[in-house]
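Numbering (our numbering), first residue to last: 19 to 136.
Beta carbons are placed, not taken as given, at the ideal position from N, Cα and C, and that holds for glycine.
Predicted model only: the values in this text are computed from it and were never measured.
Worksheet for the structure shown next.
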């Protein structure tokens, strides 16, 4: 596993969590850029990412509530999640690229579980 996500947990509806992602393996040159989430039985969906132009993009269901950011100096990726709702319950995965274009090799983290109670 080349990426490690952390910060998940159990939170009440309306609460907040902050996820972090860092590189953790032996392959150099990986940049964490995006967050995806997956509910059992459903496809993995985009939550938020920092694209190759440095702009932030969000899934429709999290706009206005979540914020993605990068610490370029430390090569860390964050996801600030506010006003969490039960529908946000999922395993959240960090995605990184080894390169600076969309055709770069993709790496995934192991996932961190976020559970939002009503």
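Subject >> Integer-rounded CB distance, given that residue 50 should sit under 8 Å from residue 94 >> reply: 7 Å
Original post:
Nearest to residue 24 by alpha carbon, out of 48, 47, 69, 53?
Top reply: 53
Original post:
Among all the DSSP beta bridges, which residues are the ones paired with residue 55?
Top reply: Partner(s): 63, 110.
Original post:
Can the beta-carbon of residue 120 be found less than 8 Å from the beta-carbon of residue 70?
Top reply: yes
Original post:
Which residues bound the beta strand (DSSP E) around residue 89?
Top reply: 84-89
Original post:
Are the Cβ atoms of residue 22 and residue 127 separated by less than 8 Å?
Top reply: yes
**OP:** Give the DSSP-derived three-state secondary structure of residue 104 in the structure shown.
**Re:** helix
Subject >> Validate contact between the segment 102-118 and the segment 56-76 using beta carbons, cut 8 Å, 3 pairs >> reply: yes
Subject >> Alpha-carbon spacing of residue 40 relative to residue 100, whole angstroms >> reply: One C-alpha to the other measures close to 21 Å.
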